[in-house]
Each structure stands twice: as structure tokens, then as C-alpha cells.
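Enquirer: Pasting a structure here, questions to come.
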Amino acid sequence: MSVAKKVENMQPSGIRAFFDLVLGMKDVISLGVGEPDFVTPWQIREAGIFSLEEGFTSYTSNKGLYKLRLAITRHLKNRYGLEYCPEEEILITVGASEGMDLALRALINPGDKILIPVPSYVSYGPLTELAGGVPVYIDTTPCGFRLTPQLLEKYLGKNPKALILNYPSNPTGVSYTAKELEEINRILLKHKVLCITDEIYGDLTYDFEHTPFATLKGAKDNTVYLDGFSKGYAMTGWRVGFACGPRDIIAAMTKIHQYTIMCVPITSQMAACEALQVGRKSVEEMKREYRRRREFVVAELNRLGLDCHKPEGAFYAFSSIKSTAMKSLDFCEGLLKEEKVAVVPGTAFGEVAEGYLRISYAASMENIKEAMTRMETFLKNNRRGKAK
Amino acid sequence: MDEILEILEKNGRASFEDIAKMLKQNPESVKEAVAKYEKDGVILKYKAVINKELAKEPGTEVRALIEVNITPQKDVGFDRVAERIYSFPEVASCYLISGTYDLLLIVEGKDLHAVSRFVSEKLAPLENVKGTTTHFLLKKYKEDGVILKHREENKRIAISY
């Protein structure tokens, strides 16, 4: 039996083998994890348990519980002044991941081009291809992993349908100020290119306020805004996200969602309602903790000669290993085998990120400290004999 | 609360260097800030949180919560009487509270008899103590924010996007 060609061709295999190697090893200190090391705050877990006790075990409407949609739209209005209609302009999704898949499938006609700044989160390219689109990768490495207006403009001649913009970014931690976003928005509007934004790390922005793309002038009707509870509220395993956007696009996404997913599990939706009620304090506490770790990790990496810009958000440091003259994958395999520290090779997020590592600081300070000490040892052993 | 205090409250052994890196300050100024907190009595002391049930044979230490009714005194109110009571080394904690009694004590002793003896011989006979009620602690679940139970931890997958 043979599987579909486009599925067979997905995923770079080298990385998969490295992941398997990590999973097969014991006592590894991992800075390779893409989720918070915090457990979901207790009030939120308790709300999930209580909903089960009360017998909430049924399907919900395809779009998601009305009270959750209402709570999210209210939250967006209070926090950002962003107004969406809870009936028609929001859909509850299985994490922002499903939202991305739905948005691409709802928008792409065969051959449509989708702009994807790289290095990027792993799903954007494959999902675009599965939907019949053509990913057009924008190499942001010369611009410090930022999508600058100049860079974006170079790709508009290809007549793209949409741009996928993820900020704060997994894997680079780069985010954008309102001013930078306005520039990008102006160009997109001028050239009639849609914006699909993945703002799942929005709550974890450290140096300035996060600006949802849809709040920019004229952007709301041109933007599919994806977000969720996974990162900010430490709710990855609950799988609750949401998509907001123009009603015709949300309606199209809902059509696909109703056939594939039906609805997000009701327990998770009930817990998410509680998260919006009580969770903000926990989010702020976790954010302070991440920020402290960020300062620590960035200082340590730069001390070790693994140059690292300061990430404005998320919980990743994207560090250069060019001073070692090693390949990303070799570095990561060596570090894992010799020092039992796991980090993710930059190349997992695009070939352009050769020579970089993604180091997650969603780990305890204790583990981060120990991992840095081990990395120092690894560097000493592997730089030995080389010219200074 | 200052982030230096937030860090030290979680980990009293965090070094000045590490705190400095986390807060992007220099170690000297962290050291000075901590010295000032210590001098001003904001930071009172550093200690380890010990699970005593594991540290030695179980049952060798007893704790009791004791409710105390007292007669306040002119000018000094409850404070003078409280001082007489909390000065006993057996009293680990002492709080003035609202409600049906006045002071809540946490008293420690090596066994039941030691605690009873303290109550009947030292506490109850005090001039301004009108009455006491003693509750012995049977089991500790959580203390000062620390849950005293080892549970199986949910392990995240060691590597993920």
C-alpha cells in the first residue's frame, strides 16, 4: 500500500532521527521543549474537574461554547480594544495549530503562494502544501530574523495570497513593536495580501506590549488572527485555541472544522472559560519568571561565545554556533551524547537556520544553570585544537 | 514586591551573581540591596524547609494549635500578654486573631505529654489567660506553600517543537 506522494515527502528526516535519539535516552537535561514547564494553574484545572462532576460531557456547538466565545471577545476588547462578534467572527479550535490548518485550507486555491518568513515554526510549510498551496520562504537571517518592510517588498512580485506572521516567534523569540507592524500592514494592504497571524506567544512578550495585528488600522478585515491558551496559561495538553477574522473566512473555516473535529472537547472549553476569569495573575507570574530566565540564558550564551540576540518574547533563545564551525545537527548530537543536554538544531526550522540552536528556557533555573555548565564543558572539549 | 525578594523567597540560596544575571543588574548592587533588606528586617532569616517526617523517626515530634482567650490590659492591650506567651521557646508561632478567641499559638514538643505539660503548667496558669483549647496536629499536607507529598510527576516529552 502506498501513501500519498505529498505526505511521503513531508518532514526532514535528519531531525526526526535526532528527536528519536533524545527520546530514547535517560537522564537528559532538556532545553528542547516547546511547552511551559509550569502545570496549568490549579483554579483552571479545578474548573475542568468540576465540569466533569457536573456532567458536562457532550458535544458543544461546532464553533465552540458560546460563553467561551463571549469571554474571549470580551477579553480582546478589554485588553486590546479589539472587537469581534462572538456569533460570527470567532471559532474555538484545537490549539492555534488547527486554526492555522483551517485558515490555509479555507483560503488556498491550487497553486496559491503563501509567504512564510523563515526560520519558522515547523507546520506552516507542510500545511500550505497539503492545502495545495506553494510556500514561498523569506529568509530573515540577514535581518536578525526580522521581517523588515524592505525584505517583504522583494517578495510581492510573486503575487502571494497571504503572509503567515508568527510573533513572538517560535523558534527565534523575535517580536515586533506596533510601529514595525504598521509598516508591514501598510504594505500588505497596498498589495492586497492577507495576513494570517500566529500570536500564540503574545502573552509572553517582555520588553513592550504585544500588539495584535488586527488592531492595526485597516487590518481587521484583512487578518486571520490565531491565538490560544497553550502558552500563556500553560494549557498545552488541553488543546484550546481560537481563530478570529472576517465572518466569511470564519464561516469557511467552521465548515471544515465541523467535518474534521466537530468541536473542541467540552472539558477543555470549560477550563478555558475559567482561565479568562482567574488566570491573568498566574500568566503575569509565569511571565516574570520566564523573563528572569531569559536574561540569565542570554547572558550565559553570550559569555560562552554562542552569540544570541535578546528574544523579545516566547521562551526560546536562538543562538549562533558559528564560532564552533560545527553543523547544527552535529553540535546537538554531540552535546546530547557527551553531556546529555538536549537542544533543537536550528535546521529543524528551515535550512537557512544552519549554524543556530533553539534553546528553550521553559525549564527550571536549576536545570538551565546545569545545562549551561555542561555546554561550557562541551565547548571546551570540542573547540580544543582549533585556531582561536 | 521587588523581584530580588521574589527570587529569594523561592530559593534562599540563589547567588548574587545568578540574581544579577536574571535581573540584568550588577552583582554588587544586588548584594547591596540584599544587605539593606537584611538590615531593615525585610529579610529576617534564611532557612531550609525540611520534611521532618522523613528527617527522623516519625512520631517523635508533636505540634499543636492552641487557641487562647486572654484579658487585654490597659494601655498595652493584648501585646504585653502576647509577649509573655510567645517568649516561651515552645511557641513556634503566635498570632492575634479576630473571632471567638484571641491568640492562636503553634506549639511544638517532643511528645504529647510535653505539649500538655506546657499548657497546664506554663500557659494556663498565666494571670491574664482565661482559657485554652488545644488541637493536636494529626497530619501535615501543606506547609508554607510546600506540599508535603511526593507524587508521580507528569513528564513533558523531552523534546518538541
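So the protein lines, in turn, are chains A and B. Going by the numbering used here, the first residue of the first sequence is number -5, and it counts up by one from there. Going by the numbering used here, the first residue of the second sequence is number 3, and it counts up by one from there. By construction, the Cβ of each residue, glycine as well, lies at the ideal position given by its N, Cα and C atoms.
#1: Select from the stretch 218 to 250 of chain A all residues with a C-beta closer than 7 Å to any C-beta belonging to chain B, and list them in chain order.
#2: Got a sec, what are the start and stop residues for the alpha helix (DSSP H) A:L295 sits in?
#3: In whole angstroms, give me the CA-to-CA distance for A:S24 and A:S358.
#4: Would the stretch 310 to 318 of chain A count as touching the stretch 289 to 301 of chain A if we require 3 or more Cβ pairs under 8 Å?
#5: Quick check: the Cα distance between A:Y53 and A:I260, rounded to an integer number of angstroms?
#6: Compare the C-beta of A:A365 with all C-beta atoms of chain B and state if any pair is closer than 8 Å.
#7: What does A:V338 reach in chain B if we use C-beta pairs closer than 7 Å?
#8: According to a CB-to-CB cut-off of less than 8 Å, which residues of the stretch 22 to 37 of chain A neighbour chain B?
#9: Which whole-angstrom value describes the C-beta separation of A:Y195 and A:A308, a residue pair presumed to lie in contact below a C-beta threshold of 8 Å?
#10: Nearest-angstrom Cα distance between A:K57 and A:K249?
#11: Would you please state the rounded distance, in angstroms, between the beta carbons of A:E333 and A:T371? I believe it to be under 8 Å.
#12: Since I believe B:M24 is in contact with B:I45 (beta carbons under 8 Å), could you give me their beta-carbon distance rounded to a whole number of angstroms?
#13: Is the Cβ of A:E289 closer than 8 Å to any Cβ of chain B?
#14: Keeping to the same chain, check which residues put their C-beta closer than 7 Å to that of A:A381; ignore five residues upstream and five downstream.
#15: Using a Cβ-Cβ cut-off of 8 Å, state whether B:L56 counts as contacting chain A.
#16: Please state whether DSSP places A:C137 in a helix, a strand or coil.
#17: Determine, using beta carbons only, whether A:P104 and A:G126 come nearer to each other than 8 Å.
#18: How would you label B:V78, buried or exposed, when you count the other beta carbons within 10 angstroms and need 16 or more for buried?
#19: Taking C-beta to C-beta, are B:Y163 and A:Y115 nearer than 8 Å?
#20: Listing by chain order, which chain B residues have their CB less than 9 Å from the CB of A:R63?
#21: Taking only the alpha-carbon atoms, compute the straight-line gap between A:K8 and B:A57 and give it to the nearest angstrom.
#22: So what does A:L85 bridge to, in DSSP terms?
#23: Quick check on DSSP: helix, strand or coil for A:Q252?
#24: Going by C-alpha distance, which of B:K33, B:N53, B:I72 is nearest B:G101?
#25: For A:A269, which residues from the same chain have a beta carbon less than 7 Å from its beta carbon, with the 5 sequence-adjacent residues on both sides left out?
#26: Would you mind working out which of A:C302, A:T367, A:N361 sits nearest A:T135, comparing C-alpha positions?
#27: Report the residue from B:K49, B:S17, B:A50 whose alpha carbon sits nearest the alpha carbon of B:E34.
#28: Ignore the nearest five residues each way along the sequence and tell me which others in A:K275's own chain have a CB closer than 6 Å to its CB.
#29: Could you spell out where the alpha helix (DSSP H) holding B:P91 opens and where it closes?
#30: For a cutoff of 8 Å on Cβ pairs, would you count A:V16 as touching chain B?
#31: With a threshold of 8 Å between beta-carbons, can A:F13 be considered close to chain B, or not?
#32: Any beta-carbon of chain B closer than 8 Å to the one on A:A293?
#33: Does the count of Cβ pairs from the stretch 98 to 114 of chain B and the stretch 64 to 71 of chain B closer than 8 Å reach three?
#34: What's the call for B:P37, buried or exposed, on a 16-neighbour Cβ count within 10 Å?
#35: So, is A:G239 buried or exposed, given that buried needs 16 or more other C-beta atoms within 10 angstroms?
Expert: Answer, in terms of the structure:
#1: None of the residues of the stretch 218 to 250 of chain A has a beta carbon lying less than 7 Å from any beta carbon of chain B.
#2: Unbroken alpha helix (DSSP H) run through A:L295: 274 to 297.
#3: Roughly 10 Å separates the two Cα atoms.
#4: Judged by pairs of C-beta atoms under 8 Å, the stretch 310 to 318 of chain A touches the stretch 289 to 301 of chain A, as three or more such pairs exist.
#5: Approximately 7 Å between the Cα atoms of the pair.
#6: A:A365 does not count as touching chain B.
#7: Listed along chain B are I161, each with a C-beta nearer than 7 Å to that of A:V338.
#8: Within the stretch 22 to 37 of chain A, the qualifying residues are V22, S24, G26, V27, G28, E29, D31, V33.
#9: At roughly 4 Å, the Cβ-Cβ gap stays under 8 Å, so A:Y195 and A:A308 are in contact.
#10: Their Cα atoms are separated by approximately 10 Å.
#11: Contact holds; Cβ gap of about 6 Å.
#12: Not confirmed; about 17 Å, so no contact.
#13: Interface residue, yes.
#14: Residue placement at A:A381 is flagged as unreliable, the pLDDT there being 42, under the threshold of 50; a coordinate-derived value is accordingly withheld.
#15: It does not; no Cβ of chain A falls within 8 Å.
#16: In the structure shown, A:C137 adopts helical secondary structure according to DSSP, grouped into three states.
#17: Contact flag set, yes.
#18: With fewer than 16 other Cβ atoms within 10 Å, it is exposed.
#19: Remark: C-beta atoms of B:Y163 and A:Y115 approach each other more closely than 8 Å.
#20: Below the 9 Å Cβ cutoff, chain B contributes no neighbours of A:R63, its closest Cβ being approximately 28 Å away.
#21: In the sequence under discussion, the amino acid at residue 8 of chain A is Gly, which differs from the Lys named in the question. Each residue's Cα considered, the two are about 49 Å apart.
#22: Answer by DSSP bridge pairing, in chain order: A:A237.
#23: In the structure shown, A:Q252 sits in a helix (DSSP, three-state: H, G or I).
#24: Out of B:K33, B:N53, B:I72, B:I72 has the C-alpha closest to the C-alpha of B:G101.
#25: I38, F223, Y227, M229, listed in sequence order.
#26: Nearest C-alpha to A:T135: A:C302.
#27: Nearest in C-alpha terms to B:E34, of all of B:K49, B:S17, B:A50, is B:S17.
#28: Short of 6 Å from the beta carbon of A:K275, and not among the five residues preceding or following it, lies no beta carbon of its own chain.
#29: Looking at the DSSP string, B:P91 is not in any alpha helix (DSSP H), and its letter there is neither H nor E.
#30: So, interface residue.
#31: Yes, contact with chain B.
#32: So, interface residue.
#33: The stretch 98 to 114 of chain B, when compared against the stretch 64 to 71 of chain B, does touch it at the 8 Å Cβ threshold.
#34: Note on identity: in this sequence residue 37 of chain B is Ala, with Pro being the wrong assignment. Burial call: exposed.
#35: With a threshold of 16 other beta carbon atoms within 10 Å, A:G239 meets it and is buried.
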